[in-house]
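If you're matching them up, the sequences are chains L and D in order.
Each residue of the first sequence is one higher than the one before, counting from 1 in the numbering used here.
Each residue of the second sequence is one higher than the one before, counting from 1 in the numbering used here.
Remarks on the structure that follows.
Protein chains: 2
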Amino acid sequence: MAATILVVEDEPAIQELIAYNLKQAGHQPLRADNAEQAMNLVQSALPDLVLLDWMLPGQSGIDFARRLRTDKRTRTVPIIMLTARSDEQDKLMGLDAGADDYITKPFSPRELNARIKAVLRRRAPQMTDDVVQLGGLKLDPASHRISGNGEPVILGPTEFRLLHFLMTHPERVHSRTQLLDQVWGDHVFVEERTVDVHIRRLRKALEPTRLDRLVQTVRGTGYRFSAI
Amino acid sequence: MAATILVVEDEPAIQELIAYNLKQAGHQPLRADNAEQAMNLVQSALPDLVLLDWMLPGQSGIDFARRLRTDKRTRTVPIIMLTARSDEQDKLMGLDAGADDYITKPFSPRELNARIKAVLRRRAPQMTDDVVQLGGLKLDPASHRISGNGEPVILGPTEFRLLHFLMTHPERVHSRTQLLDQVWGDHVFVEERTVDVHIRRLRKALEPTRLDRLVQTVRGTGYRFSAI
DNA sequence: AAAAATGGTCATGTGGTTGTAACATTTGCT
DNA sequence: AGCAAATGTTACAACCACATGACCATTTTT
Chain L
1 MAATILVVED
11 EPAIQELIAY
21 NLKQAGHQPL
31 RADNAEQAMN
41 LVQSALPDLV
51 LLDWMLPGQS
61 GIDFARRLRT
71 DKRTRTVPII
81 MLTARSDEQD
91 KLMGLDAGAD
101 DYITKPFSPR
111 ELNARIKAVL
121 RRRAPQMTDD
131 VVQLGGLKLD
141 PASHRISGNG
151 EPVILGPTEF
161 RLLHFLMTHP
171 ERVHSRTQLL
181 DQVWGDHVFV
191 EERTVDVHIR
201 RLRKALEPTR
211 LDRLVQTVRG
221 TGYRFSAI
Chain D
1 MAATILVVED
11 EPAIQELIAY
21 NLKQAGHQPL
31 RADNAEQAMN
41 LVQSALPDLV
51 LLDWMLPGQS
61 GIDFARRLRT
71 DKRTRTVPII
81 MLTARSDEQD
91 KLMGLDAGAD
101 DYITKPFSPR
111 ELNARIKAVL
121 RRRAPQMTDD
131 VVQLGGLKLD
141 PASHRISGNG
151 EPVILGPTEF
161 RLLHFLMTHP
171 ERVHSRTQLL
181 DQVWGDHVFV
191 EERTVDVHIR
201 RLRKALEPTR
211 LDRLVQTVRG
221 TGYRFSAI
């Protein structure tokens, strides 16, 4: 897991409860009481997921969701709406505003965690700690171990994240820019060609297991992980 | 086990019965008839678990649970709700207020003990008295003794708790923050690097048995206990 | 009260990690 | 074939994370 999750909730008790549960589940909660505060936090550090209360003082939750969806940088951040009403209309509006899921209060911590995991699995699988097994390679985020054809593979931190992302998004080409955004993170200023170097290091580490062939170059476009 | 368990129950007969059973199971019961009394007890000595009656005179059980969850110091204390109703709605609200489990009256001592053990194990496996044996290391919480390959290992209190946590959560990387939360307690303000020092002390104590290799560094992420 | 144990912080050294540049090689195209 | 663009490969310097020992304050034991 270990995702950074922004909680936008004006009720202190509920905010506290949610933050506590997120921490227990291994996430890192960021808190905001209103949309403006949330916007500032998003500006400085892009969260991996947003838990957004429907009813907020000032700008409403839906408006905030729409703003997130408008900006290119924040467009892909998953959003889960928290709502007190179980009204179908609200659900539709929330989903229309770009929410990935919504939870009706009151909800149990168990349900919250389940939905967060589901959304992350769908939108950012490299954030979960599910074991990824593909083409003879096995990557276990929890124990931070990799094995290829049974043999252990040793990687540096960056190569580990890179491989994890590639394995959770296989059979599709990623441009260098996309890889920088996803693996290095937002707000990082690094040369594009640096990706090449890390791809090289990754391949080199995989060579002993002959699994370096899984990391493929697509000339003019980027790189791809393919088990086929 | 040997946990300190706070029983909040207004019915004297039931309180007595529960306290007796807890004592039989090796726990140390603290008793309170109402929320205020319970709050005082919690203030003076933090229990390892709270058994909380749903129906209380004055402040209700749920409110008390919420108060426990709000205060930083008591946030992590597991709560088991005792309820006469078997209503599904109540179950959800109890969990929402932060309860870890609930038992419907009437219940058998056996069921109570099972749930207590389960909650303690789930919430904090390192709190139970079960002997942990892994990779040639044997840690006995009850006698507070450790042996590596048959030879006794002497540890300070913090190193003991650290090793206990690591051994009950093996094959998985823990960040310094997680270790501080789990081993030191999350209301403590300590430098992250302090973890390094205690890892060092733990390793040093394990060196004579050559078992220090079980405590592994995962650069950029944290530490891992691995018997593999 | 003295002695010992414990716990947290800091300074320092070391080795791993990272980004970049420079050069080599491959690829696609005319 | 010859050329230009894209990618592979290597070397390296700066940086960062970790290990380690020392130190001091505090607590516990004697």
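For glycine and all other residues, C-beta sits at the position ideal for the given N, C-alpha and C.
The bridge partners DSSP lists for L/Thr-104 are L/Thr-83.
Assignment of alpha helix (DSSP H) within the stretch 35–67 of chain L, counting only whole runs of 4 or more residues, yields 35–44 in chain order. For L/Glu-192, the three-state secondary structure derived from DSSP is coil.
Take the alpha-carbon of L/Gly-135 and the one of L/Asn-149: they are about 9 Å apart. Around D/Gly-156, no beta-carbon contact reaches into chain L at under 8 Å, the shortest distance being about 27 Å.
Note on geometry: alpha-carbon atoms of D/Ile-154 and D/Ala-205 lie some 7 Å from one another. Taking 7 Å as the cut-off between beta carbons, the residues of the stretch 133–160 of chain L near chain D are Ala-142, Ser-143, His-144, Pro-157, in sequence order. Under the Cβ criterion of 8 Å, D/Arg-224 is counted among the residues facing chain L. If you keep only unbroken alpha helix (DSSP H) runs of at least 4 residues inside the stretch 123–182 of chain L, you get 157–168, 176–179. Residue pairing by DSSP places L/Gly-222 opposite L/Val-218 in a beta bridge. The continuous beta strand (DSSP E) containing D/Ala-32 extends over residues 28–32.
The stretch 208–224 of chain L makes no contact with the stretch 10–17 of chain D; the number of CB pairs closer than 8 Å stays below 3. Within chain L, no C-beta atom comes nearer than 7 Å to that of D/Thr-74; the closest sits roughly 11 Å away. Here the alpha carbon of D/Ala-32 sits roughly 18 Å from the alpha carbon of D/Ile-116.
In the DSSP secondary-structure assignment, L/Thr-4 is bridged to L/Gln-28.
Cβ-Cβ distances below 7 Å link L/Phe-225 to Leu-166, Met-167, Pro-170, Leu-214, Val-215 in the same chain, with the five nearest sequence neighbours on each side left out; the list follows chain order.
At a beta-carbon threshold of 7 Å, the residues of chain L lying near D/Glu-171 are Ser-143, ordered along the chain. At the C-beta level, D/Leu-52 and D/Met-81 come within 8 Å of one another. D/Arg-213 does not reach chain L, its nearest Cβ partner there being about 15 Å away, counting only Cβ pairs nearer than 9 Å. The C-beta of D/Thr-168 comes no closer than 8 Å to any C-beta of chain L. When C-alpha distances from L/Asp-100 are compared across L/Asp-196, L/Ala-65, L/Ala-227, L/Arg-219, the shortest belongs to L/Ala-65.
Approximately 18 Å separates the beta-carbon atoms of L/His-187 and L/Leu-162; this is outside 8 Å, ruling out the contact.
When C-alpha distances from L/Met-39 are compared across L/Ser-175, L/His-27, L/Gly-61, L/Lys-23, the shortest belongs to L/Gly-61. L/Thr-70 sits exposed, since fewer than 16 C-beta atoms from the chains shown fall within 10 Å of its C-beta. In terms of beta-carbon proximity, D/Thr-221 lines the interface with chain L, with at least one pair separated by less than 8 Å.
D/His-144 sits exposed, since fewer than 16 C-beta atoms from the chains shown fall within 10 Å of its C-beta. Annotated three-state conformation of L/Arg-203 is helix, per DSSP.
Cα atoms of L/Val-173 and L/Gly-220: separation of roughly 11 Å, rounded to the nearest angstrom. Interface criterion met: the Cβ of D/Val-218 is under 8 Å from a Cβ in chain L. For L/Arg-121, the three-state secondary structure derived from DSSP is helix. Out of L/Ala-118, L/Pro-78, L/Leu-137, L/Leu-6, the CA that lies nearest to the CA of L/Ala-227 is found in L/Leu-137. Taking C-alpha positions only, L/Glu-36 is separated from L/Leu-30 by approximately 14 Å. Setting aside the 5 residues that flank it on each side, L/Gln-15 is surrounded in the same chain by Val-7, Glu-9, Arg-31, Asp-33, each with a C-beta closer than 8 Å to its C-beta; the list follows chain order.
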